[in-house]
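Step one of this worksheet: look at the structure below.
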Ligand SMILES: C[S@@+](CC[C@H](N)C(=O)[O-])C[C@H]1O[C@@H](n2cnc3c(N)ncnc32)[C@H](O)[C@@H]1O
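Next comes the structure, spelled out in structure tokens:
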């Protein structure tokens, strides 16, 4: 039984990185008129109440989205993401609600686009149905990502993205998400894949980048944001490995990451990186 609940972490620095990059990818795919389909392999609940006991326990959002909203001049690269946050809180005085990845994507969906949400936790699934069940473009699956995503690709549109956002509660996921990527890439070589990972002290986490590179898949771009220095006990940052990034995403990330780092860092000895793991 899964015990991870994203409510404790909603809107933290890792969500900010993940969701701002996700918004950039979806927007870039929408430069063409053809419809697209986004698959969210680990959907969570979709919308988080930052007034809940869980979110307020460590107030992780205070070191994440709240800092972005207070920033004087956010760059163009975060505007779509911030618009999704603001739209969800429209008419409210405070930042009460935070959009998970399903809501960030739904905010950007056009009438012809579709979103597939896979989730296993019963409480998260119930909230997905409550939040998204009436939107005919959104399809909710009570399904294991490792079995379900390969079965859903390639989508009939043949255009779109897959977000793989394990909580790594099961540490084997550091290995199985890479296998999932390889399986899906064989079936759908043209899909855009975003693999999120935490920067933590764990042998499997420390080998993650090397193992992604070793897949030999072409066009893997990595964006990593660390807000704490080495030696920090806990998640000191996070990253995304993006396979088949839309044209120009590397330049956008090279503008976005330094700003995110300056806004979110808690320690000057932390840092950021945007790098091609395999050639573009
Ligand atoms: C980090 S949270 C997802 C957060 C969400 N993607 C977002 O950005 O708002 C990970 C979610 O994956 C779910 N999960 C864990 N293992 C899964 C699996 N094998 N298949 C589908 N969902 C899974 C957990 O219940 C949890 O809700």
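Numbering (the numbering used here), first residue to last: 8 to 287.
Glycine included, every Cβ here is placed at the ideal spot set by N, Cα and C.
Check                                                                                                                                                : Outcome
Does the distance between the C-beta of residue 153 and the nearest non-hydrogen atom of ligand 2 fall short of 7 Å?                                 : What this structure holds is ligand 1, not ligand 2.
Taking the straight line between their C-alpha atoms, what separation do you get for residue 99 and residue 73?                                      : 15 Å
Just tell me which of 40, 261, 287 has its CA closest to the CA of residue 82.                                                                       : 261
Please state whether the Cβ-Cβ distance between residue 138 and residue 53 is less than 8 Å.                                                         : yes
With a Cβ-Cβ cutoff of 8 Å, do residue 33 and residue 112 count as a contact?                                                                        : yes
What do you reckon, are the CB atoms on residue 92 and residue 109 nearer than 8 Å?                                                                  : no
What residue from 126, 185, 197 has the CA that sits closest to residue 216's CA?                                                                    : 185
Checking the sheet assignment: what are the DSSP bridge partners for residue 245?                                                                    : 205, 232
Let's see if you can read the secondary structure: which residues bound the beta strand (DSSP E) around residue 106?                                 : 104-106
Under 8 Å between the Cβ atoms of residue 175 and residue 210?                                                                                       : no
Tell me the residue span of the beta strand (DSSP E) that contains residue 55.                                                                       : 54-56
Between which residues of its own chain and residue 159 is the CB-CB distance below 7 Å, once the five residues before and five after are set aside? : 46, 123
How about residue 107: is its Cβ closer than 7 Å to a heavy atom in ligand 1?                                                                        : yes
Quick one: using the 10 Å Cβ neighbour count with 16 as the cut-off for buried, is residue 14 buried or exposed?                                     : buried
Would you be able to state if there are at least three C-beta pairs under 8 Å between the stretch 113-122 and the stretch 143-158?                   : yes
Considering residue 182, what are the terminal residues of the alpha helix (DSSP H) in which it resides?                                             : 180-194
Would you identify the three-state DSSP class for residue 49, choosing helix, strand or coil?                                                        : coil
In whole angstroms, what is the alpha-carbon distance linking residue 42 and residue 270?                                                            : 35 Å
Ends of the beta strand (DSSP E) at residue 122?                                                                                                     : 121-126
Suppose you measure from the CA of residue 164 to the CA of residue 179; what does that come to, to the nearest Å?                                   : 32 Å
Between which two residues does the beta strand (DSSP E) carrying residue 169 extend?                                                                : 167-171
DSSP three-state call for residue 149: helix, strand or coil?                                                                                        : strand
Could you tell me if the beta carbon of residue 22 falls within a distance shorter than 7 Å of some heavy atom in ligand 1?                          : yes
May I ask you to check if the CB of residue 127 is nearer than 7 Å to at least one heavy atom of ligand 1?                                           : yes
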